[in-house]
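Residue numbers (the working numbering): 19 to 212.
The beta carbon of each residue, even a glycine, is placed where N, CA and C say it ideally should be.
Worksheet: one structure, shown below.
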Amino acid sequence: MVASLDNLKKKHLKKLVISVSSIYIAFFGILVFALKPGVHATDITLRSVYVVPVICAFMACVWASKKTVSYRRLWQLMATGMFFWMVGEIIFISYVIRYGLAHVPSPSIADLFSIAYVPIVLGVMLSLGRIRRPFNNEKKQFLANASMLALAGFLLCYKFLLIPEWYLNPTMTIAQRMYAIGYPLLDWVIFVSL
């Protein structure tokens with residue numbers, strides 16, 4: 019009886035998370051298209067709405083680290099990574115409030131925190147996502163397909179994000195360019211690790 023109640027709670031919790039996530043994505047999409055770009059209030063609103071799931075991810079990781087025994091250290095590391103990302107986003111919002119989006123200093127403390135989360139999260143993802151034995155043909159085929167998709171994604175990222183960002187902004191310093199291409203590149207690395 020207790021096990022069936024736990025399964026029912028998990029089922030409803032999963033539906034709730036999917037519903038709230040869908041509503042959030044729809045709300046954020048509506049805001050992106052409804053608000054006038056380039057306005058200071060729009061920039062603050064979009065960045066503030068963007069940081070909500072980062073804060074939720076941090077809280078979920080802290081909760082998971084308290085509830086689990088076997089993966090406690092990994093959840094603590096993931097919470098640390100999410101904390102760095104959250105702090106980076108909050109500092110960035112404070113820069114947007116103070117200077118406006120067009121005049122946010124780059125690279126800044128916000129950039130350091132926002133990029134510092136990547137190695138921690140990547141390490142946790144790779145340690146959780148080990149391919150277990152036996153390493154049969156089906157797993158080899160899956161790994162080959164996933165590698166080809168990752169390569170295709172990287173080539174698209176390289177062609178449409180990295181190269182234009184590097185060459186089309188000659189007024190940016192080398193450090194600014196490195197951070198500008200670092201964000202999409204590190205996001206791609208996290209995506210591939212999933």
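Checklist line | Cβ distance (whole Å) where alanine 193 is taken to contact proline 125 below 8 angstroms | finding: Translated into the one-based positions of the sequence shown, residue 193 becomes position 175. Translated into the one-based positions of the sequence shown, residue 125 becomes position 107. So it is a contact: roughly 5 angstroms between Cβ atoms.
Checklist line | Helix, strand or coil at tyrosine 135 according to DSSP, with G and I counted as helix | finding: Within the sequence shown, numbered from 1, the residue matching residue 135 stands at position 117. The answer is helix: DSSP assigns tyrosine 135 an H, G or I state.
Note to self: With a threshold of 8 angstroms, are at least 3 pairs of Cβ atoms found where one atom belongs to the segment 69 to 85 and the other to the segment 100 to 118?
What the structure shows: yes
Checklist line | Bounding residues of the alpha helix (DSSP H) (the contiguous stretch that carries phenylalanine 102) | finding: Position 84 of the sequence shown, counted from the start, is the residue given in the question as residue 102. 90 to 117 is the span of the alpha helix (DSSP H), which, as asked, contains phenylalanine 102.
Margin query: I believe leucine 140 touches valine 207 by the beta-carbon criterion, under 8 angstroms. Please report the beta-carbon distance rounded to the nearest angstrom.
Written below: Stepping through the sequence shown from its first residue, residue 140 is reached at position 122. Stepping through the sequence shown from its first residue, residue 207 is reached at position 189. Contact flag correct, Cβ pair sits at about 6 angstroms.
Note to self: Between the alpha carbons of lysine 54 and threonine 63, how many angstroms are there, rounded?
What the structure shows: Along the sequence shown, one-based indexing puts residue 54 at 36. Along the sequence shown, one-based indexing puts residue 63 at 45. If I take the Cα positions, the gap works out to 11 angstroms.
Notebook entry, point to check: With 16 as the cutoff for other CB atoms within 10 Å, does valine 57 come out buried or exposed?
Noted result: Looking up residue 57 in the sequence shown gives position 39. It counts as exposed.
Notebook entry, point to check: Helix or strand or just coil, what does DSSP make of glycine 56?
Noted result: On the sequence shown, position 38 is the one that residue 56 refers to. Coil.
Notebook entry, point to check: What residues in its chain sit with their C-beta under 6 angstroms from that of alanine 134, if we drop five residues either side in the sequence?
Noted result: Counting from one through the sequence shown, the residue named residue 134 turns up at place 116. So the list reads Phe102, once near-sequence residues are dropped.
Check: Cα-Cα, which of Leu203, Tyr201, Arg90, Ser112 is closest to arginine 65?
Finding: Counting from one through the sequence shown, the residue named residue 65 turns up at place 47. Selected option, being the one with the closest Cα: Ser112.
Notebook entry, point to check: What is the rounded straight-line gap between the Cα of threonine 60 and the Cα of alanine 120?
Noted result: Sequence index remark: in the sequence shown, residue 60 carries index 42 (1-based). Sequence index remark: in the sequence shown, residue 120 carries index 102 (1-based). C-alpha separation (whole angstroms): 12 angstroms.
Item checked: Through-space distance from threonine 191 to lysine 27, alpha-carbon basis -> Stepping through the sequence shown from its first residue, residue 27 is reached at position 9. Stepping through the sequence shown from its first residue, residue 191 is reached at position 173. Taking the straight line from one Cα to the other gives about 53 angstroms.
Checklist line | Residue-chain proximity (tyrosine 42, chain B), Cβ-Cβ < 8 angstroms | finding: No chain B appears in the structure shown, which is made up of a single protein chain.
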